[in-house]
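Note that the numbering used here has the sequence shown beginning at 100, numbered continuously upward.
Note that CB positions come from ideal geometry on N, CA and C, so glycine has one too.
These notes are about the structure you will find just below.
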Amino acid sequence: MKSRALLGLLSDGQIHSGESLAARLGVSRTAVWKQIKRAEDEGFSIETIRGKGYRLKTPVDLLDATEILGHLPPDIRSSVSLKVFDELDSTNAEIIRQRGSDNGAAVPVCLADHQTAGRGRRGRQWQSPRGENLYLSLGLTFRGGFSMLDGLSLVLGLAVAEALEKEGAKDIGLKWPNDLFLADAKLAGILVELQGELEEGVVQVVAGIGVNVHMTRGEGVGQAWTSLARAMPDNEWARNRLASSIIAGVLGAADVFADKGFVEFREQWQARDIFRDRSLKTAAGELRGKGGGVDEQGNYLIEVDGYQEKVRAGEISLRANS
Ligand code: BTN
Numbered sequence: 100m101k102s103r104a105l106l107g108l109l110s111d112g113q114i115h116s117g118e119s120l121a122a123r124l125g126v127s128r129t130a131v132w133k134q135i136k137r138a139e140d141e142g143f144s145i146e147t148i149r150g151k152g153y154r155l156k157t158p159v160d161l162l163d164a165t166e167i168l169g170h171l172p173p174d175i176r177s178s179v180s181l182k183v184f185d186e187l188d189s190t191n192a193e194i195i196r197q198r199g200s201d202n203g204a205a206v207p208v209c210l211a212d213h214q215t216a217g218r219g220r221r222g223r224q225w226q227s228p229r230g231e232n233l234y235l236s237l238g239l240t241f242r243g244g245f246s247m248l249d250g251l252s253l254v255l256g257l258a259v260a261e262a263l264e265k266e267g268a269k270d271i272g273l274k275w276p277n278d279l280f281l282a283d284a285k286l287a288g289i290l291v292e293l294q295g296e297l298e299e300g301v302v303q304v305v306a307g308i309g310v311n312v313h314m315t316r317g318e319g320v321g322q323a324w325t326s327l328a329r330a331m332p333d334n335e336w337a338r339n340r341l342a343s344s345i346i347a348g349v350l351g352a353a354d355v356f357a358d359k360g361f362v363e364f365r366e367q368w369q370a371r372d373i374f375r376d377r378s379l380k381t382a383a384g385e386l387r388g389k390g391g392g393v394d395e396q397g398n399y400l401i402e403v404d405g406y407q408e409k410v411r412a413g414e415i416s417l418r419a420n421s
């Protein structure tokens with residue numbers, strides 16, 4: 100975003116004269132005017148108040164690496180390599196690229212203000228409008244082979260739900276395996292991609308997290324959705340704070356998971372299960388029954404005629420008449 104410095108100054112929502120902006124940016128007043136036009140072209144609404152200056156019509160919530168790092172606990176701050184981009188194809192793709200060129204000890208974490216090819220689960224697209232939401236990926240490494248990853252994606256969903264609640268969200272539910280819901284609308288999604296085995300038993304995973312923060316229009320989303328601002332408009336949602344909480348929460352949970360596995364998280368996951376005791380069917384409709392929670396590996400259990408059937412992967416939906 101070429102107008103980032105200008106927007107940083109205007110982000111307090113106050114009126115700033117052309118003269119003061121020029122002085123603070125170290126440019127001429129004509130250059131300020133050009134930057135205002137460029138910011139408008141980038142989609143920001145700026146009001147020109149005659150004789151006084153400029154003001155942002157709607158507040159912007161800029162991503163800032165220094166701020167994100169500043170909110171992290173020191174031990175986590177020193178363990179991550181954080182990059183913030185104005186635009187990427189996909190933050191998951193970026194982590195995969197970074198790991199190809201650098202196998203450093205730090206945990207790679209990246210965020211983008213906008214994704215041009217955001218990836219969702221099952222090959223779907225993830226709508227990623229500029230400046231509105233969080234698009235965040237972390238490169239995690241686990242020892243013990245692929246089989247120790249059972250339940251990881253559920254743990255990630257739980258960690259993100261807890262992080263958002265620490266920042267003021269309420270009553271976040273989890274839809275198996277790892278969608279975050281508020282009432283019956285999707286708030287956030289997680290895409291876990293297995294990158295491969297680095298050496299015997301050392302597996303690399305990319306955890307991609309998309310959270311709807313300020314989004315008010317969801318053209319093309321294709322399902323009931325919500326955002327933090329839409330559901331809880333009285334809170335001031337700041338993407339940098341939310342990102343720090345999510346990074347700290349996910350890395351903390353990944354450590355416990357590496358040590359103890361899913362079993363340590365099962366009860367907390369069940370407490371947020373939006374399927375529990377509701378009428379369900381699998382996507383292909385071959386199984387219909389009642390939601391029975393998850394087993395110790397994170398498989399979903401559907402109660403059918405007094406038996407429990409395991410669903411290991413794929414989609415489950417609530418029956419229309421539930
Ligand atoms: C889903 O379908 O529910 C998963 C959505 C995951 C979206 C996030 S946004 C950050 C990261 N980068 C991507 O391309 N996808 C994930």
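If residue i and residue j are in contact, beta carbons under 8 Å, what's the gap, nearest whole angstrom?
| i | j | result |
| --- | --- | --- |
| V362 | E395 | 5 Å |
| L290 | G256 | Going by Cβ atoms, the distance from L290 to G256 rounds to 11 Å, so no, they are not a contact pair. |
| L233 | V312 | 6 Å |
| E404 | G390 | A small correction: the amino acid at residue 404 is Asp; Glu does not occupy that position in the sequence shown. Incorrect: roughly 15 Å between the Cβ atoms, too far for contact. |
| A306 | L253 | A306 to L253, Cβ: 12 Å. No contact. |
Would the C-beta of residue i count as close to the ligand BTN, meaning under 7 Å from any of its heavy atoms?
| i | result |
| --- | --- |
| D278 | yes |
| Q214 | yes |
Between which two residues does the beta strand (DSSP E) harbouring residue i extend?
| i | result |
| --- | --- |
| L281 | D278 to L281 |
| R154 | G152 to L155 |
| P207 | V206 to A211 |
| S189 | Element bounds for S189: n/a, residue is neither H nor E. |
| K409 | Y406 to V410 |
| Q322 | First-last for Q322: undefined, no H or E at that position. |
If you follow the alpha helix (DSSP H) that residue i is part of, which residue opens it and which one closes it?
| i | result |
| --- | --- |
| A130 | R128 to D140 |
| R340 | R338 to K359 |
| Q422 | In the structure as shown, the chain starts at 100 and stops at 421, and residue 422 therefore has no counterpart that could be examined. |
| I175 | P173 to R176 |
| R123 | G117 to L124 |
| T165 | A164 to G169 |
Next item on the list: Take every Cβ of the region 317–332, pair it with every Cβ of the region 235–247, and state whether three or more of those distances are shorter than 8 Å.
Entry: The region 317–332 is not in contact with the region 235–247.
Notebook entry, point to check: Do the region 179–187 and the region 199–217 meet, that is, are 3 or more Cβ pairs less than 8 Å apart?
Noted result: Contact between the region 179–187 and the region 199–217 is present, because at least three Cβ pairs lie under 8 Å.
Margin query: Across the region 368–375 and the region 274–292, are there enough close Cβ pairs to call them in contact, namely three or more that are closer than 8 Å?
Written below: Contact holds: three or more Cβ-Cβ distances are below 8 Å.
Notebook entry, point to check: Among all residues, which have a Cβ less than 6 Å from at least one non-hydrogen atom of the ligand BTN, and in what chain order do they fall?
Noted result: Going by the Cβ distance cut-off, the answer is S189, T190, N191, Q214, G217, R218, G219, R220, R223, W225, Y234, L235, S236, D278, G288, I289, L290, G307, I308 and G309.
Item checked: the region 313–320 contacting the region 194–205, beta-carbon criterion three pairs below 8 Å -> Contact between the region 313–320 and the region 194–205 is absent, because fewer than three Cβ pairs lie under 8 Å.
Next item on the list: Specify whether the region 148–160 and the region 105–115 touch according to this definition: at least 3 beta carbon pairs, one from each stretch, less than 8 Å apart.
Entry: With the rule of 3 Cβ pairs closer than 8 Å, the region 148–160 counts as touching the region 105–115.
Next item on the list: Answer yes if the region 382–389 comes into contact with the region 336–346, meaning at least three C-beta pairs across the two stretches below 8 Å, and no otherwise.
Entry: In short, these stretches do not touch, since the Cβ pair count stays below three.
Checklist line | the region 218–230 contacting the region 286–300, beta-carbon criterion three pairs below 8 Å | finding: The region 218–230 makes contact with the region 286–300, as at least three CB pairs between them are under 8 Å.
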